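K.L.:
Residues in the sequence shown are numbered consecutively from 2, following this note's numbering. What follows is a structure written as structure tokens; I'll ask about it next.
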Amino acid sequence: MLTRNILGKPFVATCLAVLLTACSGTVNDSITLADGERHEGALATVNGSVELGEGAEVTGSVRTVNGGIRLGEQARAGRAETVNGSIRVSAGARFGGGATVNGAIELGDNAIADGDLATINGRITSQPGCRVSGDVATTNGTVRLYGTTVEGTVATTNGNLQILEASRVVGGLHLRPREASERTGELRVIIGADSIIEGPIRIDSPARLFVHDSATVGEVSGAEIERYAGDRPE
Numbered sequence: 002m003l004t005r006n007i008l009g010k011p012f013v014a015t016c017l018a019v020l021l022t023a024c025s026g027t028v029n030d031s032i033t034l035a036d037g038e039r040h041e042g043a044l045a046t047v048n049g050s051v052e053l054g055e056g057a058e059v060t061g062s063v064r065t066v067n068g069g070i071r072l073g074e075q076a077r078a079g080r081a082e083t084v085n086g087s088i089r090v091s092a093g094a095r096f097g098g099g100a101t102v103n104g105a106i107e108l109g110d111n112a113i114a115d116g117d118l119a120t121i122n123g124r125i126t127s128q129p130g131c132r133v134s135g136d137v138a139t140t141n142g143t144v145r146l147y148g149t150t151v152e153g154t155v156a157t158t159n160g161n162l163q164i165l166e167a168s169r170v171v172g173g174l175h176l177r178p179r180e181a182s183e184r185t186g187e188l189r190v191i192i193g194a195d196s197i198i199e200g201p202i203r204i205d206s207p208a209r210l211f212v213h214d215s216a217t218v219g220e221v222s223g224a225e226i227e228r229y230a231g232d233r234p235e
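Below, the structure written as structure tokens:
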């Protein structure tokens with residue numbers, strides 16, 4: 002399970018500390034790295050976005066507090082972190098995983114995350130060919146994976162889980178418990194065609210579990226499997 006604290010003061014303090022020590026840091030400006038450009042060390046700002054062009058490379062982390070992060074096609078970077086903003090990783094890019102509090106994480110075709118992906122208030126989506134070496138987790142958001150391999154666990158609290166188009170999750174799925182006051186409706190966990198869940202599926206909140214006839218799942222607790230055969234469940 003995820004052990005990193007991405008919520009609140011510890012995370013913000015880390016971002017600010019990076020600014021004080023990074024070779025390239027700013028406070029109220031965005032940072033752009035041109036196509037094919039290479040930067041040694043970290044890139045960080047407080048009030049601004051960070052954008053890497055096509056084929057650009059940052060050997061350290063990329064961080065901001067109030068702004069988004071975007072990696073162009075085939076770009077390379079260490080871990081990507083923001084508080085108020087989304088992280089968008091284009092096709093073929095590779096980075097050290099990422100975290101945001103208020104924002105989404107989106108991976109394009111064949112993107113690689115060498116670490117965890119985590120959000121508090123935001124969805125996580127990935128396109129075919131993606132690989133994630135760690136966990137994928139959100140608190141208030143949906144996780145939607147297409148043709149993606151996740152080596153860790155996929156989890157949410159107040160959102161749906163959709164593992165689609167021959168995705169593979171090694172560590173299993175976890176729909177975490179919700180407080181009664183948080184329940185706004187029944188959640189859905191969907192395991193799509195040709196997808197494989199190697200680890201356990203734990204449903205600790207009211208939800209329906211749909212598993213395609215061609216999908217393979219391991220141990221299931223907390224819900225009954227409802228099989229379906231078409232493009233999507235009823």
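Where a beta carbon is used, it is the ideal one built from N, C-alpha and C, also for glycine. Model, not experiment: these values are computed from the prediction.
1. Shortest alpha-carbon distance to V144 belongs to which of V84, G160, I121 and G200?
2. Leaving aside the five residues before and after D110 along the sequence, list all residues of the same chain whose C-beta is less than 8 Å from its C-beta, in chain order.
3. Considering Cα atoms alone, identify which of G173, E38, G68 and T65 is closest to T157.
4. Pick out whichever of R95, N67, Q75 and S62 has its Cα sitting closest to the Cα of A81.
5. With a 10 Å radius around its C-beta and 16 neighbouring C-beta atoms as the bar for buried, classify A230 as buried or exposed.
6. Run through DSSP, which three-state label would A181 get?
7. Can you list, in chain order, the residues of its chain with a C-beta nearer than 6 Å to that of R89? Leave out the 5 residues immediately preceding and following it.
8. Can you list, in chain order, the residues of its chain with a C-beta nearer than 6 Å to that of T60? Leave out the 5 residues immediately preceding and following it.
9. How long is the line joining the alpha carbons of R39 and T46, rounded to whole angstroms?
10. Once you ignore the five residues that flank E58 on each side, which residues in its own chain have a CB closer than 6 Å to its CB?
11. Report the rounded CA-to-CA distance for A208 versus V190, giving the unit in angstroms.
12. Between the Cα of R169 and the Cα atoms of N48, A43, A216 and R95, which residue gives the shortest distance?
13. Kindly indicate which residue of A100, G219, I192 and A138 has the alpha-carbon position closest to the one of Q163.
14. Could you spell out where the beta strand (DSSP E) holding S256 opens and where it closes?
15. Closer than 8 Å, CB to CB, is R39 near chain B or not?
P.N.:
Once the coordinates are examined:
1. G160
2. A92, G93, Q128, P129, G130 and C131
3. G173
4. S62
5. exposed
6. helix
7. R71 and E107
8. E41
9. 18 Å
10. R39 and R77
11. 7 Å
12. A216
13. I192
14. In the structure as shown, the chain starts at 2 and stops at 235, and residue 256 therefore has no counterpart that could be examined.
15. Absent from the structure is chain B; it holds one protein chain and no more.
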